[in-house]
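Following: one structure in structure tokens, then a few remarks.
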Amino acid sequence: MTETLTIIVIAVGLAMDAFAVSITSGSVYRQMHVRHALRMALFFGAFQAIMPLIGYLAGAAMKNRILSYDHWIAFGLLSIIGGKMIYEAFQMARAQADSSAGDPASLVVVLLLSIATSIDALAVGVTLSLITDHIITAAVIIGAITFAISYLGCCMGRRIGHFFEKKIEILGGLVLFVIGLKILIEHLITGQ
Numbered sequence: 010m011t012e013t014l015t016i017i018v019i020a021v022g023l024a025m026d027a028f029a030v031s032i033t034s035g036s037v038y039r040q041m042h043v044r045h046a047l048r049m050a051l052f053f054g055a056f057q058a059i060m061p062l063i064g065y066l067a068g069a070a071m072k073n074r075i076l077s078y079d080h081w082i083a084f085g086l087l088s089i090i091g092g093k094m095i096y097e098a099f100q101m102a103r104a105q106a107d108s109s110a111g112d113p114a115s116l117v118v119v120l121l122l123s124i125a126t127s128i129d130a131l132a133v134g135v136t137l138s139l140i141t142d143h144i145i146t147a148a149v150i151i152g153a154i155t156f157a158i159s160y161l162g163c164c165m166g167r168r169i170g171h172f173f174e175k176k177i178e179i180l181g182g183l184v185l186f187v188i189g190l191k192i193l194i195e196h197l198i199t200g201q
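Dropping the structure here:
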């Protein structure tokens with residue numbers, strides 16, 4: 010897999026949390042208009058782009074000290090994030106908490122949901138510092154994909170409700186785990 014394709018797949022995996030919340034918000038808030046969906050998608054995309062930048066800066070500062078086992082760190086972080094997403098998908102309280110968080114179109118709720126869904130991207134930023142030097146490009150890709158997927162989730166939520174929510178988050182968790190495994194196996198086989 011090329012570096013850009015890896016970043017795209019990571020972006021899709023990261024966006025699954027925001028997608029699940031967008032579906033829930035769209036199903037709860039029946040009067041959601043295009044401007045509400047756009048605002049939610051914009052906030053989700055922006056936070057998903059900013060958090061990896063912060064994580065990248067932290068990871069880059071430690072890069073020389075962790076170079077000999079960076080592949081294990083990348084695998085560990087992506088596995089933990091993926092496992093967390095899968096675990097949370099099975100927690101019924103999470104879906105209820107998301108749907109009872111208040112008016113999902115309000116600015117405060119959108120801001121809080123944006124922060125909550127982008128925390129994982131902070132840890133992924135540390136991983137990105139180990140696999141790419143093109144963090145701005147990676148952040149733009151992650152933000153743009155999250156924006157598009159979140160907007161789609163809001164629109165889908167109005168029509169299909171909670172049917173796909175858990176499955177999407179499980180898929181996202183599996184994708185992140187597989188990418189971590191790929192990084193580990195490539196390093197163990199090629200030494201790079």
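For the sequence shown, the numbering used here gives the first residue as 10, with consecutive numbering after it. The beta-carbon is built from N, C-alpha and C at its ideal position, and this holds for glycine as well.
Contacting residues, own chain, Cβ-Cβ under 6 Å from residue i (five flanking each side not counted)
| i | result |
| --- | --- |
| Ser-127 | Phe-56, Gln-57 and Met-60 |
| Leu-65 | Correcting the residue identity first, residue 65 is Tyr in this sequence and not Leu. Answer for Tyr-65: Gly-134, Leu-137, Ser-138 and Ile-144, listed in chain order. |
| Ile-95 | Ile-179 and Gly-182 |
| Phe-186 | Ser-88 and Gly-91 |
| Arg-74 | none |
| Ala-102 | Note on Ala-102: pLDDT 43, under 50, position unreliable in the model; the coordinate value appears next. Excluding residues within five positions, none has a Cβ falling inside 6 Å. |
Opening and closing residue of the alpha helix (DSSP H) in which residue i lies
| i | result |
| --- | --- |
| Met-165 | 144 to 169 |
| Ser-127 | 116 to 140 |
Closest residue to residue i among the options (Cα-Cα distance)
| i | options | result |
| --- | --- | --- |
| Ala-130 | Ala-20, Thr-13, Leu-14 and Thr-15 | Ala-20 |
| Glu-97 | Asn-73, Ala-157, Val-43 and Asp-26 | Asp-26 |
| Ile-124 | Ala-24, Ile-17 and Val-184 | Ala-24 |
| Val-118 | Phe-53, Gln-100, Arg-168 and Tyr-78 | Phe-53 |
| Leu-116 | Arg-44, Ala-29, Ala-67 and Leu-14 | Arg-44 |
| Ile-198 | Cys-163, His-80 and Val-184 | His-80 |
| Ile-158 | Ile-169, Leu-51 and Thr-13 | Leu-51 |
| Met-41 | Arg-167, His-196 and Lys-93 | Arg-167 |
| Ala-67 | Thr-11, Ala-132, His-196 and Thr-13 | Ala-132 |
| Gly-162 | Met-49, Glu-12 and Leu-14 | Met-49 |
| His-196 | Gln-100, Tyr-78, Lys-93 and Val-149 | Tyr-78 |
| Leu-120 | Ile-63, Glu-12, Val-30 and Gln-100 | Val-30 |
Nonlocal neighbours in the same chain, by C-beta distance under 7 Å from residue i, ignoring five residues either side
| i | result |
| --- | --- |
| Ala-69 | Ser-138 |
| Leu-147 | Checking the sequence shown, residue 147 turns out to be Ala, not Leu. Correct list, in chain order: Ile-16, Pro-61, Leu-137 and Thr-141. |
| Met-165 | Ile-32 and Gly-35 |
| Val-18 | Val-184 and Ile-188 |
| Leu-269 | Residue 269 lies beyond the stretch modelled for the chain, which goes from 10 to 201, so this question has no answer here. |
| Ile-192 | His-80, Ala-83, Phe-84 and Ile-140 |
Any non-hydrogen atom of the ligand HEM closer than 7 Å to residue i Cβ
| i | result |
| --- | --- |
| Ile-89 | In the structure on display, the ligand HEM does not appear, and there are no ligands present to speak of. |
Neighbour-count burial assignment, residue i, 16 or more Cβ in a 10 Å radius
| i | result |
| --- | --- |
| Tyr-160 | buried |
| Ala-106 | Confidence is the limiting factor: at Ala-106 the pLDDT is only 48, short of 50, which leaves the residue's position unreliable and the question unanswerable from this model. |
| Leu-122 | buried |
| Ile-194 | exposed |
| Ile-169 | exposed |
| Phe-28 | buried |
Beta-carbon proximity list for residue i, same chain, < 8 Å, skipping 5 on both sides
| i | result |
| --- | --- |
| Lys-93 | Asp-129 and Gly-182 |
If contact is defined by three or more beta carbon pairs under 8 Å, each pair taking one atom from either stretch, is the stretch 150 to 167 in contact with the stretch 80 to 94? Under the three-pair Cβ rule at 8 Å, the stretch 80 to 94 does not count as touching the stretch 150 to 167.
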